[in-house]
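Okay, structure first, notes after.
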Amino acid sequence: MIAKLLILFSDGLSIVCLARCLLQWAQLEYKHPLAQFCAHTTDWLVQPLRKVTPPIGRWDTACVLASILIYYLAFTLISLIALPGGFSIKIIAANMFFTVLSVLKAVAYVLLLGLVLRMVMSFQKPYASLQVSLHRIFEPLSKPFVFLKFGRYDFSGSVLVVVLWFWLSAILPQLTSKLNLWLLN
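Each residue of the sequence shown is one higher than the one before, starting from 1 at the first, in full-length UniProt numbering.
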């Protein structure tokens, strides 16, 4: 139960950190409520990490590092609770692999949430500043599927949703179960 709560908390905080990174990359104005929420929620973790990691171009590497640290600390704490006997190299390596898979899961959820938000906003406020930022994020990702645009209807985001959903529902659980089996051997 504690492990599931730790993972759930880590997922939520990591999703906000990665959303902050993407919104900053997309140059969403800082005064926007979504940008304010992401900043206020994660400043306690991201600000100290900015002293250690400089940004790379428009990418805020402190947000990505924060997401990695959140997951690694969560998996380490879960290992300490579940295995009071100590750590081995295998457990440390498994925690790193679980961290990478979890960060990729959080990225997929951020992109899915962004696609849903983009779709809803296209009906209500097609010219809002958030819509412009979301367009900057998803335009390069949907460019290979531009042939799915019919008039003013754009279905290229649907392919992205299917790919992300397949990653979250089929590939990621298989990788996680294989990692768990490797850890048990």
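Cβ coordinates follow ideal geometry from the N, Cα and C atoms, glycine included. If you're wondering where the values come from, they're calculated on a predicted model, not measured in any experiment.
Proximity below 8 Å, CB of residue 11 to CB of residue 106: Along the sequence shown, read from residue 1 onward, the residue named residue 11 stands at position 11. Along the sequence shown, read from residue 1 onward, the residue named residue 106 stands at position 106. Result yes, Cβ atoms of residue 11 and residue 106 sit closer than 8 Å.
Nearest-angstrom Cβ-Cβ length linking residue 82 and residue 6, presumed shorter than 8 Å: Indexing the sequence shown from 1 puts residue 82 at position 82. Indexing the sequence shown from 1 puts residue 6 at position 6. No, residue 82 and residue 6 are not in contact; Cβ-Cβ is about 11 Å, not under 8 Å.
Bounding residues of the alpha helix (DSSP H) (the contiguous stretch that carries residue 139): Along the sequence shown, read from residue 1 onward, the residue named residue 139 stands at position 139. Start and end: 129-142.
Simplified DSSP state of residue 105, which is helix, strand or coil: To locate residue 105, count along the sequence shown from 1; it is residue 105. Helix.
Residue 153 in three-state terms, based on DSSP: Position 153 of the sequence shown holds residue 153. Residue state, collapsed to three classes: strand.
Cα-Cα separation between residue 103 and residue 168, rounded to whole angstroms: Reading the sequence shown from its first residue, position 103 is the one you call residue 103. Reading the sequence shown from its first residue, position 168 is the one you call residue 168. Between residue 103 and residue 168, the C-alpha separation is close to 12 Å.
Given residue 69 as reference, the closest of 49, 79, 58, 59 once Cα atoms are compared: Locating residue 69 in the sequence shown gives position 69, where the first residue counts as 1. Taking only the C-alpha atoms, the option nearest residue 69 is 49.
Given 8 Å, three or more beta-carbon pairs between the segment 125-142 and the segment 22-39: yes
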